[in-house]
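Respectively, the protein sequence lines represent chains L and F. Residue 50 in the UniProt record's numbering is what sits at position 50 of the first sequence, and the numbering runs on without skipping anything. Residue 16 in the UniProt record's numbering is what sits at position 16 of the second sequence, and the numbering runs on without skipping anything.
Number of protein chains: 2
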Amino acid sequence: MAATLRDVARLAGVSFRTVSNVVNGYQYVSDATRAKVEAAIAQLGYQPNYSARSLRLGRSNLLGLAVPTLSIGYFGELASEIIDVARNRGYTVLTEQTNSSRERELDAVQGARRQMTDGLLINPLALTSDDATIFETERPVVLLGENVFSHKVDHVTMQNVAATQAGTEYLIGLGHRRIAFIGLADPEGASVGTSVLRTEGYRQGLAAQGIEHDPRLELSAGSWAYEDGVSAVRSLLSAGVGFDAVFAATDVLAMGALHELQASGLDVPRDVSVLGFDDLVEGRYTTPTLSTVDGGRRQIADIAVDMLLSRIESPTSPVAFREVAFSLIERKSTRSRL
Amino acid sequence: MAATLRDVARLAGVSFRTVSNVVNGYQYVSDATRAKVEAAIAQLGYQPNYSARSLRLGRSNLLGLAVPTLSIGYFGELASEIIDVARNRGYTVLTEQTNSSRERELDAVQGARRQMTDGLLINPLALTSDDATIFETERPVVLLGENVFSHKVDHVTMQNVAATQAGTEYLIGLGHRRIAFIGLADPEGASVGTSVLRTEGYRQGLAAQGIEHDPRLELSAGSWAYEDGVSAVRSLLSAGVGFDAVFAATDVLAMGALHELQASGLDVPRDVSVLGFDDLVEGRYTTPTLSTVDGGRRQIADIAVDMLLSRIESPTSPVAFREVAFSLIERKSTRSRL
DNA sequence: GTGAAAGCGCTAACAC
DNA sequence: GTGTTAGCGCTTTCAC
C-alpha cells in the first residue's frame, strides 16, 4: 500500500498537519522540520492521493476534451496542442472521442465522466444550436467551432466565412473562374455548422468578384475523410463539369482531391489549382505542397484553455466569445499569379 | 452544489445506503423502493462523485497513456485506437505527451499523475533498458514498443526485425539491389530501440539474399519527422550514392522522402521505389500511394489495453510478453515485379 | 430489504 | 510554528 501523510508524519516525528504544510509549500515551517519531512517523503516515496485531495477540494485539475477523433488531421493536431497548453497550466487532459455521434457528444456534456473534470472543451459536430440549453449549466464548458450558438456559453471559433471568402478571392486573383468547392453540408455527414459557414464564405467570395456561382461546382464533404475528397473529384470529373480550381473545406479533403486529380492524369497546379483549409503538417510534404488557409488552430488551442481556466476560476464572469485570426499559406498546389 | 446521495435519500424518503444500492445495481432492493429512488435521482439530476468513489474504492477507472505526441502519424492513430478500446472496457484515458524527452517519460512513470490512474500504457522512446527498474513497482504498467526490456514488466511489441527484413526482401524480390534505409539510430534522436531493430531487420534482409550492405545507404532518422525523410534523401542525392529504392522506418519518413525525391525530379516508382512502415491512412492518398509494412498497430492497441486491465485485476499473474503479426501492403510507390 | 456507522486520505479552520 | 479535529461523498461491514 502506498504511503500516506500519516506514515510520513510518523517517520518524521511530526504531526501530519505539518507534512501537509510541507507538501503544499505552506509558508511557516521551520527549515529543520521541513528537511526532516522531506527526508521522510523521499524515504517512503510518498505521493499525495489525488482522489482524496479532489474530494476535499472539489477540484481535480483534470480537463475533459471531446473531439470527433484523434486519428485524423485537424483534431489530432488540435488535441496535441491543447494537451500541451493545459499541461503548462497544471492540468491533465482526459480525452474522449465522440466519433461525431450525437449520443457520444451528449454523453461528453452530460454524462458521468463530466463529474471527474473541472471543465470541458468540446468541439461538437452532431449537436446544434437546438441543443444549446444543455450547455447552460453552472459547469464550466468552452465550445470550439460553430455548431452550437448560445450567448450563455463561452465560445471560440475561426472566422470561417471570412477565411473561406479570402481563400476564394485568392484563387480568383490567380485567374481562376471555375472554382469547385468541396465541403457542402451533408445531412448525414459531420460538421454541419462549419460546412454552412465555409460554403457561405465561398459564395461570398465569388459574389464579391462578380462571378456567377454554379451549383454543379459545389460538392458534398461527406464525412470529411480523405475518401470524400476523392469521390467529390470523381463525381466532378464524371459529370464533365469544367473547373480550373478546387477549394476544399479541409486539408484532408484537399489531399483526397489532389490524389484523385493526379490519379486521373491531371497536373496540379497546371491543369487545376488545389487549395485546402487547416494547415496540417502533412500539407507541407505532398507533391505539390498544399496551399491552404490557416484558420488559426494553434491560437484556438491557447485561447480555449485560457477561457476554460478563467471560467473555472470565476464562474460568474461575463460569457466570452472569441474569433481567431486566419491567414493564407501559399505553397505549390495553386498556380502562380498570371 | 451538486446533489449527493444524502439529498437523493432525503427526497426519496429512504436511507442513503439504499440509494447507494440502487446506483450500484445491488440485488436486494424492492421494485417500489427502486422506482422511488430512481425518480429522486432523475429529479435532482444526481450523479455520483467520482473522487469520493475513487477514494473509497482505491480505483479511478482512469488509464494513463504516454506517447511522444498525438499530432503525427503512428502515435495519433495508436492513441485513437487505444482510447476507443479503453472506452469499450469502461475506462477513460488520460493522455500525456512526452515529446520523447527523458524527463517527461520519467514523469509519466514516476510522477504524481501516476497516482490518479489505475494503470499506465507507455511507449518510451528516451528511456532504455537501463531504466527498466523504475517500472518494477507494483503499479500496473504495460510497455509498448521495444526501448525497454525487462522480464518483470508486461510488454507488447511489433516484430520489428522480422517485419523490416520482410520489407527488405520484398524490395529485393522486385529486383532492387541498391536499397537505401532511412531509420538509423541517432543518439540525439528518438526511438532508439526501434531504430536498432529495424536497422537490424534491414541488414538481415540484405544478408539473407546475399546482398552486400553499404553503410553509405544507411541514413539517420533524426527525430522521425517528415523533415528527416527529406534530409535523408537530400544527403543521399548530394553524396551521389547510387540507389534504386528507399525503405523508410516509418511512413512519415517515407512521405518526407517521397516528397524530396519528387522535388528532385525523380519518378517514384520508375526511378526509385519507396517503402514505408506503419500503414498510416495518409499513405493511401499520396501520389503514388505508399507501399508499406503494417507492423500491427491496431492489434497492439487491443492487446495493450487488455494486458493492462488483466494486470490491474490480478497483479500477481505472470508477466506477459506479446508480439503482434505484421503484413506487407503493396501499393504504388514500389515498382511492379519484373 | 433497510438503517447506522466507520473510514478511505486529504485540507483547512481552529486552538495553542 | 505545530497539533487536533471535522468533514468532503462514497462503499461496505454489521446489525436489525
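C-beta: ideal position from N, C-alpha, C; glycine also. In this text the structure is predicted, and so the values were computed from the model without any measurement.
1) Report the neighbours of THR69/F on chain L: residues whose CB is nearer than 7 Å to its CB, in chain order.
2) According to DSSP, is HIS155/F part of a helix, a strand, or is it coil?
3) Would you please verify whether the beta carbon of GLN204/L is less than 8 Å from any beta carbon of chain F?
4) What residue range does the beta strand (DSSP E) around PHE149/F cover?
5) Output needed for GLU200/F: all residues of its chain with C-beta closer than 7 Å, excluding positions within five of it in sequence on either side, in chain order.
6) Which residue spans inside the stretch 103 to 150 of chain L form an unbroken beta strand (DSSP E) run of at least 3?
7) Using beta carbons (cut-off 8 Å, strictly below), is PRO269/F in contact with chain L?
8) Given that ASN49/L touches chain F, what residues does it touch there, using C-beta distances under 8 Å?
9) Does THR95/F come within less than 8 Å of chain L when only Cβ atoms are used?
10) Where are the alpha helix (DSSP H) runs, 4 residues long or more, that stay fully inside the stretch 65 to 93 of chain F, in chain order?
11) Classify LEU171/F as buried or exposed, calling it buried when 16 or more other Cβ atoms lie within 10 Å of its own Cβ.
12) Kindly indicate which three-state DSSP category PHE181/F falls into: helix, strand or coil?
13) Less than 8 Å between the beta carbons of GLY45/F and ALA3/F, yes or no?
14) Where does the unbroken alpha helix (DSSP H) through ASP302/F begin, and where does it stop?
15) Less than 8 Å separating the beta-carbons of THR250/L and GLY205/L?
16) Taking Cβ positions only, does GLU136/F come closer than 8 Å to chain L?
17) Looking at the C-beta of ARG298/L, does it have a partner C-beta in chain F at a distance below 8 Å?
18) With a threshold of 8 Å between beta-carbons, can VAL281/F be considered close to chain L, or not?
19) Using only CA atoms, which one of SER195/F, ALA248/F and HIS155/F lies nearest to ILE300/F?
20) Is the CB of ILE72/L under 8 Å away from at least one CB in chain F?
21) To be precise: take each residue of the stretch 246 to 274 of chain L, compare its Cβ to all Cβ atoms of chain F, and keep it if any distance is under 8 Å. Which residues remain?
22) Express the C-alpha separation of LEU308/L and GLU77/L in angstroms, rounding to a whole number.
23) Would the C-beta of ARG337/L count as close to the ligand ADP, meaning under 7 Å from any of its heavy atoms?
24) Any idea if LYS36/F is buried or exposed, counting beta-carbon neighbours within 10 angstroms, 16 or more meaning buried?
25) For the candidate residues VAL142/L, VAL230/L and ALA239/L, whose alpha-carbon lies nearest to that of ALA248/L?
26) Only counting the same chain, and skipping five residues up and downstream in sequence, which positions put a Cβ closer than 7 Å to that of THR117/F?
27) Measuring alpha carbon to alpha carbon, tell me which residue in ALA254/L, GLY145/L and ASP271/L is nearest PRO124/L.
28) Taking only the alpha-carbon atoms, compute the straight-line gap between GLY276/F and ALA66/F and give it to the nearest angstrom.
29) Quick one: which chain L residues come within Cβ less than 8 Å of ILE83/F?
30) Nearest chain F C-beta to GLU103/L closer than 8 Å, yes or no?
31) List the whole-angstrom C-beta distance separating ALA225/F from LEU70/L, where the pair is believed to meet the contact cut-off of C-beta under 8 Å.
32) Where do the N-terminal and C-terminal ends of the alpha helix (DSSP H) with ILE211/L fall, by residue?
33) Quick one: is GLU77/L near chain F, going by C-beta distance under 8 Å?
34) In this structure, does DSSP put PHE247/F in helix, strand or coil?
35) So, using beta-carbon positions, are LEU219/L and PHE181/L closer together than 8 Å?
36) Which residues does DSSP list as the beta-bridge partners of GLN97/L?
According to the structure data:
1) Here the question's residue 69/F lines up with position 69 in the second sequence. Chain L residues near THR69/F: SER80.
2) The count along the second sequence starts at 1 and reaches residue 155/F at position 155. Strand at HIS155/F.
3) Here residue 204/L is taken as the residue at index 204 of the first sequence, counted from 1. Taking 8 Å as the threshold, the shortest C-beta distance from GLN204/L to chain F does not fall below it.
4) Within the second sequence, numbered from 1, the residue matching residue 149/F stands at position 149. Bounds of any beta strand (DSSP E) do not take in PHE149/F, whose DSSP letter is neither H nor E.
5) Numbered from 1 along the second sequence, position 200 holds the residue referred to as residue 200/F. Around GLU200/F, the same chain offers VAL161 as residues with beta carbons nearer than 7 Å, after the five sequence neighbours per side are excluded.
6) Counting only runs of at least 3 residues, the stretch 103 to 150 of chain L fully encloses the following beta strand (DSSP E) elements, listed from N- to C-terminal order: 119 to 122 and 141 to 144.
7) Translated into the one-based positions of the second sequence, residue 269/F becomes position 269. Chain L, which has no Cβ nearer than 8 Å to the Cβ of PRO269/F, makes this no.
8) In the first sequence, residue 49/L corresponds to position 49, counting from 1. Within chain F, the residues near ASN49/L are LEU55 and GLN115.
9) For this step, residue 95/F is matched to residue 95 along the second sequence. THR95/F belongs to the set of residues whose beta carbon lies under 8 Å from a beta carbon in chain L.
10) The stretch 65 to 93 of chain F contains these whole alpha helix (DSSP H) runs: 73 to 88.
11) Along the second sequence, read from residue 1 onward, the residue named residue 171/F stands at position 171. That one is buried.
12) Position 181 of the second sequence, counted from the start, is the residue given in the question as residue 181/F. Strand at PHE181/F.
13) As a first step, residue 45/F is located in the second sequence; it is residue number 45 there, counting from the start. As a first step, residue 3/F is located in the second sequence; it is residue number 3 there, counting from the start. When the beta-carbon positions are compared, GLY45/F and ALA3/F come within less than 8 Å of each other.
14) In the second sequence, counting from the first residue as 1, residue 302/F sits at position 302. For ASP302/F, the uninterrupted alpha helix (DSSP H) run begins and ends at 297 to 313, by DSSP.
15) The residue given as residue 250/L occupies position 250 in the first sequence. The residue given as residue 205/L occupies position 205 in the first sequence. Between THR250/L and GLY205/L, the gap from beta carbon to beta carbon reaches 8 Å or more.
16) The count along the second sequence starts at 1 and reaches residue 136/F at position 136. Taking CB atoms only, GLU136/F has no neighbour in chain L less than 8 Å away.
17) What you label residue 298/L is simply residue 298 of the first sequence in a count that begins at 1. Closer than 8 Å: no.
18) What you label residue 281/F is simply residue 281 of the second sequence in a count that begins at 1. Against chain L, the CB of VAL281/F has a partner CB under 8 Å away; the residue lies at that interface.
19) Taking the first residue of the second sequence as position 1, residue 300/F is located at position 300. Closest by alpha carbon: HIS155/F.
20) Counting from 1 along the first sequence, the entry for residue 72/L is found at position 72. It does; some Cβ of chain F falls within 8 Å.
21) Correct list: MET255, GLY256, LEU258, HIS259, GLN262 and ALA263.
22) As a position in the first sequence, residue 77/L is number 77, starting the count at 1. As a position in the first sequence, residue 308/L is number 308, starting the count at 1. Each residue's Cα considered, the two are about 19 Å apart.
23) The ligand ADP is not part of the structure shown, which contains no ligands of any sort.
24) Position 36 of the second sequence, counted from the start, is the residue given in the question as residue 36/F. With 16 or more other CB atoms across the displayed protein chains lying within 10 angstroms of its CB, LYS36/F is buried.
25) Looking up residue 248/L in the first sequence gives position 248. Measuring from the Cα of ALA248/L, the nearest candidate turns out to be VAL230/L.
26) Within the second sequence, the letter at position 117 stands for residue 117/F. Excluding residues within five positions, the ones whose Cβ falls inside 7 Å are SER60, LEU62, LEU63, GLY64 and LEU94.
27) Taking the first sequence and counting its residues from 1, one reaches residue 124/L at position 124. Out of ALA254/L, GLY145/L and ASP271/L, GLY145/L has the C-alpha closest to the C-alpha of PRO124/L.
28) The residue labelled residue 276/F in the question sits at position 276 within the second sequence. The residue labelled residue 66/F in the question sits at position 66 within the second sequence. Roughly 24 Å between the two C-alpha positions.
29) In the second sequence, counting from the first residue as 1, residue 83/F sits at position 83. In chain order: LEU70, THR95, GLU96 and GLN97.
30) For the purposes of this step, residue 103/L is taken as the residue at position 103 of the first sequence. Under the Cβ distance rule, GLU103/L does not count among the residues neighbouring chain F, no pair being separated by less than 8 Å.
31) By 1-based counting over the second sequence, the position of residue 225/F is 225. By 1-based counting over the first sequence, the position of residue 70/L is 70. No, ALA225/F and LEU70/L are not in contact; Cβ-Cβ is about 18 Å, not under 8 Å.
32) Start at 1 with the first residue of the first sequence, and residue 211/L comes out as number 211. Element bounds for ILE211/L: n/a, residue is neither H nor E.
33) Residue mapping note: residue 77/L aligns to position 77 of the first sequence, counting from 1. GLU77/L belongs to the set of residues whose beta carbon lies under 8 Å from a beta carbon in chain F.
34) Along the second sequence, one-based indexing puts residue 247/F at 247. DSSP places PHE247/F in strand when its eight states are reduced to three.
35) Looking up residue 219/L in the first sequence gives position 219. Looking up residue 181/L in the first sequence gives position 181. In this structure, LEU219/L sits near PHE181/L, with a CB-CB distance shorter than 8 Å.
36) By one-based count along the first sequence, residue 97/L stands at place 97. Paired residues: VAL67/L.
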